[in-house]
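**Student:** Protein chains in written order, with the UniProt record's numbering: chain A, 1 to 341; chain B, 1 to 341. If you scroll down you'll find the structure; I have some questions about it.
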DNA sequence: GTTGGCTGTCAAAGCGCTTTGAAATTTCTT
DNA sequence: AAGAAATTTCAAAGCGCTTTGACAGCCAAC
């Protein structure tokens, strides 16, 4: 059933039917009623591809999903997607997801944009000096970036959390508890948030005249195995750190396993603060020793970004171009005073 | 840059350029070369919406993502998606994901199908007597179902694991270890796999003249909280079960927390077998007491389903319509002989 | 030197929708 | 009652692509 058939059925022109359906004012209320009735009976649905072609609007947001045969699925991605979805469903928007090799992000994003079946783009996993920014700017299609790109002029629309502030505050707390030997368990080095979090730690330490040794920093994918490995390494250092900062509860999961295996007590021998993206599966309060965290909901960020993206496409009011969310520092049992030698 | 502009640039007709691009034989090799060169220089990409409209093919598979404001994101979904993506990226396919309220699945699926921007559908979270099957059959669009629908004629294309066999075998193992008091921690009652797993347990027990008490069965969302709650309930029963079967490592996570909190030892006081979807975050061997599991990779299922779906769209050879994968039973430390009273 | 079969190219139709600009109808003025 | 204004409807163009059917040009064959 298409528009032509429907209009013939009704004895109206395609124009009138189309207008009736799309809420244009210049159609008689009685006629509109009749059209709506027929739609209900026939189950007619406009073909989106045709609609897209005619209007240039598709009712969809595009995003790239990094993937590859060995590439581990990322719970952060899923959680963020849930946030996007929650908002999208309210506006009858859908997603076009382009799977792409992580090394092929730029090209994949361009393909997605030019393909003509998305109205707006969402970009995550930002890197320092991210090459995608230049491309996005040249595209004349709305987009919002999750995170920022360290080293690039901040003249693009983004939503980010204050990573530097979060880790600065967390470090300060540990300093106040008397710790002096720190380690940082971070995400991949090239990612923007890793850079900023490291800076936060370093600047808080610098205020006390402390530095973060190269050996006390790990940069790795945020998986529990990597957390385990990194922590094992830290624990073997001659001057074992007593205060650990951790970029994700996923990393913390492995890290804590290493602590337990070494027979150390979390919150006493070792203090740890992790960043909490509020993943339903990894509640910091559910750890055997509840985790002190810096918290910011990834899902909430997804909802907000969808709002901005969809709002922009629908031209519904202006949105702030750049948002920086503060994180909360929530103290639980995984942090304690520095142990006496 | 569109076809028209490109063809003008080359001094060729749109037809010729289109044919050159799509690998038709009736175009001079020299001409094709020239066209390809121009494409490279101009960065021309065909508009997918137009292509879809003209050909009826879009290079995309559609799926519905259950979501709602309170609805917790599901790691199983993410892991499966990773599998789909891994295969899709090889064929330059993308996904169209329609977020929808879980109560609105049928309508959402129909919208997605009729929208005209997908070539094939993937359906998951199958229920007993699933109403979506009838709709899918009427659609004349390829689809593959993950799981089956208990109570419906099995005349639809699916890929499923042998849930009944898995839980039958797991129960047998526990019976051999001398256990007689069982409990089952299952997924939502209406879902197909829950039904089959329960049947597997019940039939293994029946062979020994045992039954599964109503109070020893929980049906709930597969979250760690629910696992905790269910296990707490089991532990308070007058005749405390010693053998637990668990539909997911996510449930097991919470369940084990409850076991620990009760001061019981897993693998000694309580034996537990969980089904393992091979989630990267929840490796059964990484639990403090490694988990005995029935294993089948969700991601591998995603890859295979994408293969079948894309293969069907591309009309690349016939595919088996129905596949039933066996699971592996892997014994680790969470199972042991029934404790002496 | 015509016929016939290839090869390479093209103009035009069509996919299903929206939108423009004009026509037909109704309603309002004077 | 006639003309102006507002309302309702329509035919046709266009979005960017593929595909059908036709048409030149070329060579081998009779």
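Every residue, glycine too, gets a C-beta built ideally from N, C-alpha and C.
(1) Any beta carbon from chain A within less than 9 Å of residue 106(B)'s own beta carbon?
(2) Please list the partners that residue 22(A) has in chain B, where partner means a Cβ-to-Cβ separation under 8 Å.
(3) Between 148(A), 170(A), 167(A) and 171(A), which lies nearest to residue 160(A) when the distance is taken from Cα to Cα?
(4) I want to verify the contact list: residues of chain A whose CB lies under 8 Å from the CB of residue 116(B), in sequence order.
(5) Can you name, in chain order, every residue of its own chain whose Cβ lies under 7 Å from the Cβ of residue 110(B), other than the five neighbours on each side?
(6) Could you give the first and the last residue of the continuous alpha helix (DSSP H) run that contains residue 94(B)?
(7) Is the CB of residue 99(A) under 9 Å away from at least one CB in chain B?
(8) With H, G and I counted as helix, E and B as strand and the rest as coil, what does DSSP make of residue 284(A)?
(9) Is the segment 86–105 of chain B close to the segment 97–115 of chain A, with three or more CB pairs under 8 Å?
(10) Using only the alpha-carbon positions, how far apart do residue 285(B) and residue 60(B) sit?
(11) Along the segment 268–285 of chain B, where does the CB come closer than 9 Å to a CB of chain A? Name the residues.
(12) Which stretch, first to last residue, makes up the beta strand (DSSP E) that contains residue 328(A)?
(13) Is residue 331(B) buried or exposed, if buried means 16 or more other CB atoms sit within 10 Å of its CB?
(14) Which value, in whole angstroms, describes the spacing of the CA atoms of residue 74(A) and residue 254(A)?
(15) What number of angstroms, rounded off, separates the C-alpha of residue 99(A) from the C-alpha of residue 238(A)?
(16) Of all Cβ atoms in chain A, is any one closer than 9 Å to the Cβ of residue 73(B)?
(17) How would you list, in chain order, the residues of chain A whose beta-carbon sits under 7 Å from the beta-carbon of residue 165(B)?
(18) With DSSP collapsed to three states, give me the class of residue 242(B).
(19) Ordered along the chain, which non-local residues of its own chain (more than five positions away) have a Cβ less than 7 Å from that of residue 340(A)?
(20) Hey, residue 334(B) and residue 291(B) are a contact pair by Cβ (cut 8 Å); roughly how many whole angstroms apart?
(21) Output, in chain order, the set of chain A residues within a Cβ distance shorter than 8 Å of residue 53(B).
(22) Report all residues from its chain with a CB closer than 7 Å to the CB of residue 212(A); omit the five preceding and five following residues, and keep chain order.
(23) Quick one: which residues of the segment 199–226 of chain B get their C-beta closer than 9 Å to a C-beta of chain A? List them in chain order.
(24) Just checking my contact of residue 270(A) with residue 293(A) at CB under 8 Å: how many whole Å lie between their CB atoms?
(25) Can you tell me the Cβ-Cβ gap for residue 162(A) and residue 281(B), rounded? I've got them flagged as a contact below 8 Å.
(26) Check for me: the alpha helix (DSSP H) holding residue 169(B) runs from which residue to which?
(27) Using only the alpha-carbon positions, how far apart do residue 35(B) and residue 16(B) sit?
(28) Below 8 Å on C-beta distance, what does residue 323(B) contact in chain A?
(29) Let me see if you follow: with CB-CB separation under 9 Å, is residue 69(B) close to chain A or not?
(30) Return the chain-ordered list of same chain residues with a C-beta closer than 7 Å to the C-beta of residue 232(B), the five sequence neighbours on each side being excluded.
(31) In this structure, how does DSSP classify residue 293(A) when only helix, strand and coil are distinguished?
(32) Only counting the same chain, and skipping five residues up and downstream in sequence, which positions put a Cβ closer than 8 Å to that of residue 165(A)?
(33) Identify whether residue 43(A) lies in helix, strand or coil by the three-state DSSP scheme.
(34) Per DSSP, which one or two residues make a beta bridge with residue 276(A)?
(35) Tell me the DSSP bridge mates of residue 120(A)?
(36) Between the Cα of residue 121(A) and those of 307(A), 324(A), 317(A) and 316(A), spot the shortest distance and give me the residue it belongs to.
**Tutor:** Concretely, from the data shown:
(1) Looking up residue 106(B) in the second chain gives position 106. Chain A contact via Cβ: absent.
(2) Reading the first chain from its first residue, position 22 is the one you call residue 22(A). Ordered by position in chain B, no residue passes the 8 Å Cβ test against residue 22(A), which lies about 16 Å from the chain.
(3) For the purposes of this step, residue 160(A) is taken as the residue at position 160 of the first chain. Taking only the C-alpha atoms, the option nearest residue 160(A) is 148(A).
(4) On the second chain, residue 116(B) is found 116 positions in, with the first residue counted as 1. Chain A residues near residue 116(B): 47, 48, 49 and 50.
(5) As a working mapping, residue 110(B) is identified with position 110 in the second chain. Within the same chain, residue 110(B) has close Cβ partners 135.
(6) Here residue 94(B) refers to the residue found at position 94 of the second chain. Element bounds for residue 94(B): not the alpha helix (DSSP H) but the beta strand (DSSP E), 94–100.
(7) Working through the first chain from its first residue, we reach residue 99(A) at position 99. At least one chain B Cβ lies under 9 Å of residue 99(A).
(8) Taking the first residue of the first chain as 1, we reach residue 284(A) at position 284. Residue 284(A) falls in the helix class under three-state DSSP.
(9) Because the criterion of three Cβ pairs below 8 Å is met, the segment 86–105 of chain B and the segment 97–115 of chain A touch.
(10) Working through the second chain from its first residue, we reach residue 285(B) at position 285. Working through the second chain from its first residue, we reach residue 60(B) at position 60. Roughly 37 Å between the two C-alpha positions.
(11) 279, 280, 281, 282 and 283
(12) For the purposes of this step, residue 328(A) is taken as residue 328 along the first chain, with counting starting at 1. Start and end: 328–330.
(13) Taking the second chain and counting its residues from 1, the one referred to as residue 331(B) is at position 331. So residue 331(B) counts as exposed.
(14) Indexing the first chain from 1 puts residue 74(A) at position 74. Indexing the first chain from 1 puts residue 254(A) at position 254. So the alpha carbons of these two residues sit roughly 15 Å apart.
(15) Numbered from its first residue, the first chain carries residue 99(A) at position 99. Numbered from its first residue, the first chain carries residue 238(A) at position 238. It is roughly 44 Å from the alpha-carbon of residue 99(A) to the alpha-carbon of residue 238(A).
(16) For the purposes of this step, residue 73(B) is identified with residue 73 of the second chain, where counting begins at 1. So, interface residue.
(17) On the second chain, residue 165(B) is found 165 positions in, with the first residue counted as 1. What residue 165(B) touches in chain A: nothing, since even the nearest Cβ is about 26 Å away.
(18) In the second chain, counting from the first residue as 1, residue 242(B) sits at position 242. Residue 242(B): coil per DSSP, three-state reduction.
(19) Within the first chain, numbered from 1, the residue matching residue 340(A) stands at position 340. Here the set comprises nothing.
(20) For the purposes of this step, residue 334(B) is taken as the residue at position 334 of the second chain. For the purposes of this step, residue 291(B) is taken as the residue at position 291 of the second chain. In this structure, residue 334(B) and residue 291(B) form a Cβ contact; the two beta carbons are roughly 5 Å apart against a cut-off of 8 Å.
(21) For this step, residue 53(B) is matched to residue 53 along the second chain. By Cβ distance, chain A contributes 47, 49, 50 and 53.
(22) The sequence position of residue 212(A) within the first chain is 212, counting from 1. Excluding residues within five positions, the ones whose Cβ falls inside 7 Å are 182, 184, 201, 202 and 205.
(23) 223, 224 and 225
(24) Here residue 270(A) corresponds to residue number 270 of the first chain, with the count starting at 1. Here residue 293(A) corresponds to residue number 293 of the first chain, with the count starting at 1. The C-beta distance from residue 270(A) to residue 293(A) rounds to 16 Å, too long to meet the 8 Å contact threshold.
(25) Translated into positions along the first chain, residue 162(A) becomes position 162. Translated into positions along the second chain, residue 281(B) becomes position 281. That belief does not hold up - the Cβ atoms of residue 162(A) and residue 281(B) are roughly 26 Å apart, past 8 Å.
(26) For the purposes of this step, residue 169(B) is taken as the residue at position 169 of the second chain. Start and end: 163–176.
(27) For the purposes of this step, residue 35(B) is taken as residue 35 along the second chain, with counting starting at 1. For the purposes of this step, residue 16(B) is taken as residue 16 along the second chain, with counting starting at 1. Taking the straight line from one Cα to the other gives about 9 Å.
(28) By 1-based counting over the second chain, the position of residue 323(B) is 323. The contacting residues do not exist; residue 323(B) stays about 21 Å from chain A at best.
(29) For the purposes of this step, residue 69(B) is taken as residue 69 along the second chain, with counting starting at 1. With 9 Å as the cut-off, residue 69(B) counts as an interface residue toward chain A.
(30) One-based indexing of the second chain puts residue 232(B) at position 232. Cβ neighbours of residue 232(B) within its own chain (closer than 7 Å, five residues either side excluded): 258.
(31) On the first chain, position 293 is the one that residue 293(A) refers to. Three-state result, residue 293(A): strand.
(32) As a first step, residue 165(A) must be located in the first chain, where it is residue number 165. Excluding residues within five positions, the ones whose Cβ falls inside 8 Å are 200, 326 and 327.
(33) Counting from 1 along the first chain, the entry for residue 43(A) is found at position 43. Residue state, collapsed to three classes: coil.
(34) Taking the first residue of the first chain as 1, we reach residue 276(A) at position 276. According to DSSP, which records beta bridges pairwise, residue 276(A) is partnered with 295(A).
(35) Locating residue 120(A) in the first chain gives position 120, counting from the first residue. Paired residues: 61(A).
(36) Locating residue 121(A) in the first chain gives position 121, where the first residue counts as 1. When each option's Cα is compared against that of residue 121(A), the closest is 307(A).
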